[in-house]
Amino acid sequence: MSPVSAIDARRRDTILIAESSDGNRRLLRWALESAGYRYIREAKDADDLGAALQDRAYALMLVDASIDRLEQLDGASSPLILMTASLCGNVNAQVKALGARACVHRPIYVDELLGAVKRTLANDGGTVAHTTAAAA
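Residue 99 in the working numbering is what sits at position 99 of the sequence shown, and the numbering runs on without skipping anything.
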């Protein structure tokens with residue numbers, strides 16, 4: 001595999017976490033890495049999210065619904081899971097408008113999060129670099 005195609009493959013395997021809370025970003029990264037997912041990119045605010053979206057080659061995006069300028073997600077081709085402190089029913093219009101495949105409530109429960117990630121990736125036909133030990 002050429003260096004360029006290796007970089008492209010890694011980008012397709014990357015999960016983007018866009019979360020304003022440092023603690024929640026650490027929890028999300030830990031949960032994903034503990035489940036065996038690799039290649040995780042983080043965005044802490046709208047500016048970071050905008051820069052990360054220049055790539056638009058993510059296997060999955062986990063996005064905090066309270067981050068400003070979520071309209072940046074319009075036209076993104078990557079599957080989206082929206083995370084919210086509100087009941088998902090209360091943000092249903094936002095979920096639909098952004099094309100989110102799932103909505104995860106806060107506080108974040110790792111089993112719920114990982115289930116949503118697994119279902120979203122399976123339904124999208126996408127794959128993410130995943131270690132075999134954690135996949136078992």
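We treat Cβ as the ideally placed atom computed from N, Cα and C, and that holds for glycine. Just so we're clear, the structure is a prediction, and the values are computed from it rather than from any experiment.
Here's the rule: buried if 16 or more other CB atoms are within 10 angstroms of the residue's CB, otherwise exposed. What is Arg69? Taking the first residue of the sequence shown as 1, we reach residue 69 at position 69. With a threshold of 16 other beta carbon atoms within 10 Å, Arg69 falls short and is exposed.
*asked:* On the DSSP bridge list, what partners appear for Val104?
replied: As a working mapping, residue 104 is identified with position 104 in the sequence shown. DSSP output for Val104 lists Met83 as bridge partner(s).
Identity of the residue in Met61, Thr84, Ala116 nearest Pro107 by Cα:
The residue you call residue 107 lines up with position 107 of the sequence shown. Ranking Met61, Thr84, Ala116 by Cα distance to Pro107 puts Thr84 first.
Name the DSSP beta bridge partners of Ile15, please? Stepping through the sequence shown from its first residue, residue 15 is reached at position 15. According to DSSP, which records beta bridges pairwise, Ile15 is partnered with Ile40, Leu60.
Checklist entry - Just how far apart, CA to CA, sit Val110 and Arg101? => result Counted from its first residue, the sequence shown places residue 110 at position 110. Counted from its first residue, the sequence shown places residue 101 at position 101. Distance between the alpha carbons of Val110 and Arg101 is about 18 Å.
(request) Check Ala65 in the structure and name its three-state DSSP category. (result) Residue numbering aside, residue 65 sits at position 65 when the sequence shown is read from its first letter. In the structure shown, Ala65 falls within a coil segment according to DSSP collapsed to helix, strand and coil.
Do Asp14 and Tyr58 have their C-beta atoms closer together than 8 Å?
The residue given as residue 14 occupies position 14 in the sequence shown. The residue given as residue 58 occupies position 58 in the sequence shown. For the record, residue 14 in the displayed sequence is Thr; it is not Asp. Yes, Cβ-Cβ distance for Thr14 and Tyr58 is below 8 Å.
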